[in-house]
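Student:
Residue numbers (the numbering used here), protein chains in the order written: chain A, -16 to 582; chain B, 12 to 311; chain C, 461 to 954; chain D, 175 to 384.
1. Have a look at residue 415/A and residue 248/A and give me their C-alpha separation to the nearest angstrom.
2. Of the residues 119/A, 90/A, 95/A, which one's Cα is nearest the Cα of residue 106/A?
3. From residue 348/D to residue 482/A, what distance separates their C-alpha atoms?
4. May I ask you to verify whether the region 72 to 82 of chain B touches the region 43 to 56 of chain B, counting CB pairs closer than 8 Å and requiring at least 3?
5. Using 8 Å for Cβ pairs, my map puts residue 452/A next to residue 347/A. What's the rounded Cβ distance?
6. Would you say the region 91 to 110 of chain B touches the region 189 to 198 of chain B, given that touching needs at least three Cβ pairs under 8 Å?
7. If you measure between the beta carbons of residue 167/B and residue 350/A, is that distance less than 8 Å?
8. Does DSSP put residue 66/B in a helix, in a strand, or in coil?
9. Going straight from the alpha carbon of residue 508/A to that of residue 515/A, what length do you get?
10. What do you reckon, are the CB atoms on residue 325/A and residue 407/A nearer than 8 Å?
11. For residue 754/C, collect the residues of the same chain with a Cβ closer than 6 Å to its Cβ; drop the 5 residues on either side in sequence, then sort them by chain order.
12. Which of the three DSSP states, helix, strand or coil, is assigned to residue 305/D?
13. Can you pull the chain B residues whose beta carbon is under 7 Å from the beta carbon of residue 277/D, in chain order?
14. Determine which residues share a DSSP beta bridge with residue 74/A and list them.
15. Opposite residue 493/A in the DSSP bridges: which residues?
16. Spell out whether any CB of chain B is found under 8 Å from the CB atom of residue 460/A.
17. So, does the CB of residue 265/A fall closer than 8 Å to a CB anywhere in chain B?
18. From residue 308/D to residue 230/B, what distance separates their C-alpha atoms?
19. Quick check on residue 696/C: buried or exposed, where buried means 16 or more other Cβ atoms within 10 Å of its Cβ?
20. Is there contact here, the region 188 to 198 of chain A with the region 263 to 274 of chain A, by at least three beta-carbon pairs under 8 Å?
21. Of all the options 934/C, 522/C, 629/C, which has the alpha carbon lying nearest to the alpha carbon of residue 599/C?
22. Less than 8 Å between the CB atoms is what I'm expecting for residue 491/C and residue 556/C, so what's the real figure, rounded?
23. What is the C-beta distance between residue 362/A and residue 163/B, in whole angstroms, given that I count them as a contact (C-beta under 8 Å)?
24. Mind listing which residues of the region 277 to 305 of chain B have their C-beta closer than 7 Å to chain D's C-betas, in chain order?
25. Which of the three DSSP states is assigned to residue 185/A in this structure?
26. Determine the contact status of residue 155/A and residue 186/A, defining contact as a CB-CB distance below 8 Å.
27. So, is the C-beta of residue 883/C closer than 8 Å to a C-beta in chain A?
28. What residues in its chain sit with their C-beta under 7 Å from that of residue 354/A, if we drop five residues either side in the sequence?
29. At what residues does the beta strand (DSSP E) containing residue 22/A begin and finish?
30. Do residue 519/C and residue 467/C have their C-beta atoms within less than 8 Å of each other?
31. Is residue 242/D closer than 8 Å to residue 261/D when the C-beta atoms are compared?
32. When you compare only the Cα positions, how much space is there between residue 814/C and residue 807/C?
33. On the CB-based measure, 16 or more other CB atoms within 10 Å of its CB, does residue 663/C come out buried or exposed?
34. What does the alpha-carbon distance come out to for the pair residue 192/D and residue 331/D?
35. Quick one: is residue 506/A near chain C, going by C-beta distance under 8 Å?
36. What does the alpha-carbon distance come out to for the pair residue 219/B and residue 512/A?
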């Protein structure tokens, strides 16, 4: 019985891939009046559907492990359906339907976790519904402008109309993306969601916001085709070589990534750190979308792909650790490298990609984004992005050091075993994909990015060879980098062994040079908890870490509650009050009307 | 075949220049302190001595691979930097690389080594690594901004093209875009791990920082890569700002001039704390960079 | 003899059955008949559809001129009647299948339920002010009795309060009717409408306002709806579902029907009705945020929905009106489901408090799932019916380039989500073991049949709203087209 | 009344002195010579300031006497050091740390003990708490006597050590490895249950001998 259910579940998780492969032709489903759902597969949505098709099964396999009962499976399938509807939709109503199905099914999935608190659940659903309703509002504005729901570029758009159209839609998508200060729901929900589901939240759901943002650009006059004159550029003119409106979006993205990066460094919880880091990564994509040039959109798409793979890998691996140790805090783990080697390599590959280190694809996408910023001559944005992407090294190092290196800080960490195969299979697959993509960025561009760019009317990046990533500003060859590094590594290692002398293995992990002292288990040797404390002495970082948006939202909630209490006072259970009020209102209205009537 | 000669040539050049420069550095410091100082080959002696230590303590596989990774990173970096202008020699694989790639390769090795430091389990080492990463966070911003000014000036990220664009002294980036040079100068000193930004390996404070557990041949390996990488960085700056070099002697001369400037600055300043350094980078060089951006980009 | 298919049966059949209640009680046929009657009437309504699509049916039974019973069955009336009987049928089925609601299975509730539905039918069907008043009183009185059916303190208090406020409303309404009769000497609505314009303006205002207050109290519009939570909380959830699903709709219809008919220019009423609707929506949704009692929360939520419907109907554009009628249908279904599920949950937890229901979803997964489904529909989230109707309303506003109601409705929906999901979270919460459960056993599986039926309807209407599109648009036209109605009625009069 | 036999260090144990290891037969090969010369030219000093003698290390390193001329520089950690300088009298409490640091140094490694106190306890000759003869616990390569020995003396000592290194004479570390049991016994006698872990001991006994 359960086996059958799990089999069905796997089949369902493969449905996006099936859709991607076999979907052809458009389907129309009338609702009422002139509202009709059109389903069609455009290259842009095909790209994001590809992400879902990749991610869905890989995220589903670990779910087979935990004895999750059928509701989880059903909701996950529903979530996939929602995403497919969203991506296939050729009109806004279909988009909204998919969006909402995605929202509430993911919310119900979030509730499956025993750790979810009321505050988390409420912040998740309310902010996401705010996004959804903002989307609906924008859609209605669009409808009143064009008289239809089909997604296509608006013919001509005044600045104010543009604002009225862009404003709500951008709000909706930015909430989904989780940009500061709308990111409240992201960390807590990613953290408290079921461990195997956080991967989906971070890897797939956030990408839907990206899809929306790119879709938003295509709405504007001339779509993206017009280069600078099209997209955001068509709205409020240009700043340097980029669209002025995009400059704002760019800063939103970069500030998001900076804030999120520093918050991530300060986290004590692995999943929370990953949550903040995914906010930061998506911030880069937002910036790139703000630039809106061919390079930038290419970089954004590439980074979306890479980030999906990386976050699936990292969240799955961390879920494995949590499964085996039951611990999620940096200060409790340590020295797992000997206990969970495969997981170690998973996290290693993940953070190398996250840090954007060559030769993994994280560098390719960042390279495209950097070059696009230079091309747009937005150097200050570039510097800010460098800040966050360099600061990212800190939390990347912490992510690998605290759990895997150093000293085991808890009995669970001392006795943990390697994660089960349901976790390892996706990890290995993802590692392979990442390495392959890092070797052949040109191939990745050719297969995934260029079709979308051509469909959007942008000039494709093109790639002379599989390994080479080419831009007008010059490129690099992933194969050569990897080959040179690998060759150097082999040569150096062999040379090292040619040298005379003995290698001596440390007799115990506590055989450390410790100022002549002899440390032991009781000595606090694991630096995982305190890492990055001195950052707080840097004024900027201290300011960022010292502030939070929670107070704002809490205040909002308090005020609403107060208003509710005030109004509830009206609904006292005393009939005489009711009647009195009714009569008073009657009299008042009568006098008003009569006076207004002027008799 | 060409590569078989070229690659060893590049590695040898960077190594030899490396220990000579550092030997000079120690003598120079000694003279400033009214000492005789060691011989100019002292760094070679130290390095070889460590490489021939008869015993080396290792803390496990990851600890062993760290130094290997960092040397491979240094070699890779050097091989992606063109040493000479319009010459087929000492080019390595620089046609397949670019400036941004090189900047990232600079930190590739140290990050790999950081894993080894972590796996040694010595908290002082990890403290040093954290300081190093924090300092990196501080210095990369103005450093990259300055380089971005250069990239924007020549509208390319290829070192070859930038070098080729500066044929005469009048066209050196140092002359045409001095502000960019000023912006990157101090961050560059920090990236060379020279005073006053050398708090990472503070011997008494964090017990030699990242290197605390590395002895014997590992230490020799680390010294080797340090020398090579420093030379690589110097050569890169020569390529970018001093118009590159057509032959080895000009290269040495220009690199030495640059090195002299750096050592002179670093010899006379006391050490900064980590957060002081970062704050400094975000105020002075970055502010200068912003000024540069406004002056050279916005006002055109 | 073949009985003619006339609208009169909608009222006559329930009355007949109700008066013969003791007989049925003896034959143990109460529950089957309660269900059967509704089904029969549903069938009758279905049978009448083609005829009504041609032209509204008129039926006049003259008692003593000018007194008589004028029945006027047009598209909108048919729609509502169908809705009422559908809802009543589902409720009856639930009462039949679920042994839990013992106090709803005797002869007294049998009579009351039938009379209530009959009264509502009458209000919708009648074309005569005096009959309207009569039916209004029938429905009202039965409602008082029903809410007091629960012979406990809360029930009796609710009943008493209901009597008080209801009679006040009736007074206002009667006052308006009397005034109209004095002014025009007419009681036939159409006839009144024809020469309402002749009445001096101040008198028009007086009549209009007293109508507004009287029906506003009954239809639960904002400044007059303070009584609602108490009543819904006090009376049995099943009964409350009938109030919120059927009774209120009938009153709402009457209010707007009169407003559209009497006023030559609906804009006069527009500001009042839309304003009241908006106020109701906002206030109710806000107050609901802090309700610790499930029944009160549902009551406020239904107030909010009423406000939304009033807002949309008041706008008097065809799209919004059709959407509003559609929303009436959806809201009736959703609230029926919500209240019935709430009844099950409350019975299980022996309390309606939030903390008492914590974690109940793990014990009654099906009930909790249905609760979530209905909440999603009320919130107007796709792919459920509530979404379609809300979208219809919103597009109606967008077409007219009027955006403040859109913002208001979306904001209201957000507030609504705020409290609905609070309850959903509570249902699925884990950790602390929920407080002591009542002795009541889990309800019979069969009891879920009607609930699942409603859920299926919600899904169907959400996925394929075009099934009802023709009827809804027709109804909207019938409701809005004043001239046609008057002409049709007066033209057909002896 | 105080008796010599109670005072640790006076029980002469001649074996420690007698023991000397033969150098490599037939001198050094060219590569060994080169390596030896490199080792001679670069000595990283772990200056363990056990006593007042530490005061003499500073002028040695700084401008006046500038030991860096001889390639003698300070090392931060024992892992990087070649020479362990025990500067002055060695309390038993400090002995443990000194041994620990010595064992953490990587071979080849040398020990220089300076000051009379390290030779015979000096002015602490009758202290219950001062190690009299360091070579019973660590293989001292070079004693530099005097109280205090001036930096010139230190330099002379270093130069002498360099000479031994260049000639390839066996260092004390070899003796330590050969006689580890004896050294450990001595250490255990004074340190008692405050003994340091047996990492090196186990390593040598696991066949770590080259």
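Even glycine gets a Cβ: it sits at the ideal position worked out from N, Cα and C.
Tutor: Reading off the structure:
1. Locating residue 415/A in the first chain gives position 432, counting from the first residue. Locating residue 248/A in the first chain gives position 265, counting from the first residue. Cα-Cα distance, rounded: 28 Å.
2. For the purposes of this step, residue 106/A is taken as the residue at position 123 of the first chain. Of the listed residues, the one whose Cα sits closest to residue 106/A is 90/A.
3. As a position in the fourth chain, residue 348/D is number 174, starting the count at 1. As a position in the first chain, residue 482/A is number 499, starting the count at 1. Across the structure, residue 348/D and residue 482/A are spaced so that their CA atoms are roughly 21 Å apart.
4. Between the region 72 to 82 of chain B and the region 43 to 56 of chain B, the count of C-beta pairs closer than 8 Å stays below three; the two stretches do not touch.
5. On the first chain, position 469 is the one that residue 452/A refers to. On the first chain, position 364 is the one that residue 347/A refers to. With 8 Å as the limit, residue 452/A and residue 347/A qualify as a contact, their Cβ atoms being about 5 Å apart.
6. In short, these stretches do not touch, since the Cβ pair count stays below three.
7. Counted from its first residue, the second chain places residue 167/B at position 156. Counted from its first residue, the first chain places residue 350/A at position 367. The Cβ atoms of residue 167/B and residue 350/A lie no closer than 8 Å to each other.
8. By one-based count along the second chain, residue 66/B stands at place 55. In the structure shown, residue 66/B sits in a strand (DSSP, three-state: E or B).
9. Here the question's residue 508/A lines up with position 525 in the first chain. Here the question's residue 515/A lines up with position 532 in the first chain. Their backbone Cα atoms lie some 16 Å apart in a straight line.
10. On the first chain, residue 325/A is found 342 positions in, with the first residue counted as 1. On the first chain, residue 407/A is found 424 positions in, with the first residue counted as 1. Yes.
11. The count along the third chain starts at 1 and reaches residue 754/C at position 294. Hits under 6 Å: 802, 812.
12. Along the fourth chain, read from residue 1 onward, the residue named residue 305/D stands at position 131. The answer is strand: DSSP assigns residue 305/D an E or B state.
13. To locate residue 277/D, count along the fourth chain from 1; it is residue 103. Those within 7 Å of residue 277/D in chain B number zero; the least Cβ separation is about 10 Å.
14. Taking the first residue of the first chain as position 1, residue 74/A is located at position 91. Partner(s): 133/A.
15. Here residue 493/A refers to the residue found at position 510 of the first chain. In DSSP, residue 493/A forms no bridge with anything.
16. Taking the first residue of the first chain as position 1, residue 460/A is located at position 477. Taking Cβ atoms only, chain B reaches closer than 8 Å to residue 460/A, which makes this a yes.
17. Counting from 1 along the first chain, the entry for residue 265/A is found at position 282. Chain B contact via Cβ: absent.
18. Stepping through the fourth chain from its first residue, residue 308/D is reached at position 134. Stepping through the second chain from its first residue, residue 230/B is reached at position 219. Going by the C-alpha atoms only, they are around 29 Å apart.
19. For the purposes of this step, residue 696/C is identified with residue 236 of the third chain, where counting begins at 1. By the 10 Å Cβ count, residue 696/C comes out buried.
20. Of all C-beta pairs linking the region 188 to 198 of chain A to the region 263 to 274 of chain A, three or more are shorter than 8 Å, placing the two stretches in contact.
21. Mapped onto the third chain, residue 599/C falls at position 139. When each option's Cα is compared against that of residue 599/C, the closest is 629/C.
22. The residue you call residue 491/C lines up with position 31 of the third chain. The residue you call residue 556/C lines up with position 96 of the third chain. That pair is a contact at about 4 Å.
23. Looking up residue 362/A in the first chain gives position 379. Looking up residue 163/B in the second chain gives position 152. That pair is a contact at about 7 Å.
24. Hits within the stretch: zero.
25. The residue you call residue 185/A lines up with position 202 of the first chain. In the three-state reduction of the DSSP assignment, residue 185/A falls in the helix class, which pools H, G and I.
26. On the first chain, residue 155/A is found 172 positions in, with the first residue counted as 1. On the first chain, residue 186/A is found 203 positions in, with the first residue counted as 1. At a Cβ-Cβ threshold of 8 Å, residue 155/A and residue 186/A do not count as neighbours.
27. Along the third chain, one-based indexing puts residue 883/C at 423. Answer no: the Cβ-Cβ gap between residue 883/C and chain A never drops below 8 Å.
28. Residue numbering aside, residue 354/A sits at position 371 when the first chain is read from its first letter. Hits under 7 Å: 278, 454, 456.
29. For the purposes of this step, residue 22/A is taken as the residue at position 39 of the first chain. First-last of the beta strand (DSSP E) with residue 22/A: 18 to 22.
30. Start at 1 with the first residue of the third chain, and residue 519/C comes out as number 59. Start at 1 with the first residue of the third chain, and residue 467/C comes out as number 7. Their beta carbons are under 8 Å apart, which means residue 519/C touches residue 467/C by this criterion.
31. Numbered from 1 along the fourth chain, position 87 holds the residue referred to as residue 261/D. Numbered from 1 along the fourth chain, position 68 holds the residue referred to as residue 242/D. Taking 8 Å as the Cβ cut-off, residue 261/D and residue 242/D do not qualify as a contacting pair.
32. What you label residue 814/C is simply residue 354 of the third chain in a count that begins at 1. What you label residue 807/C is simply residue 347 of the third chain in a count that begins at 1. Rounded to the nearest angstrom, the two C-alpha atoms are 14 Å apart.
33. Indexing the third chain from 1 puts residue 663/C at position 203. Per the 10 Å Cβ criterion, exposed.
34. Here residue 192/D refers to the residue found at position 18 of the fourth chain. Here residue 331/D refers to the residue found at position 157 of the fourth chain. In this prediction, residue 192/D has a pLDDT of 49, which is less than 50 and means its spatial position is unreliable; what the coordinates show is noted afterwards. Cα to Cα, residue 192/D sits roughly 22 Å from residue 331/D.
35. What you label residue 506/A is simply residue 523 of the first chain in a count that begins at 1. No - not a single Cβ of chain C is within 8 Å of the one on residue 506/A.
36. Counting from 1 along the second chain, the entry for residue 219/B is found at position 208. Counting from 1 along the first chain, the entry for residue 512/A is found at position 529. Rounded to whole angstroms, residue 219/B to residue 512/A spans 21 Å at the Cα level.
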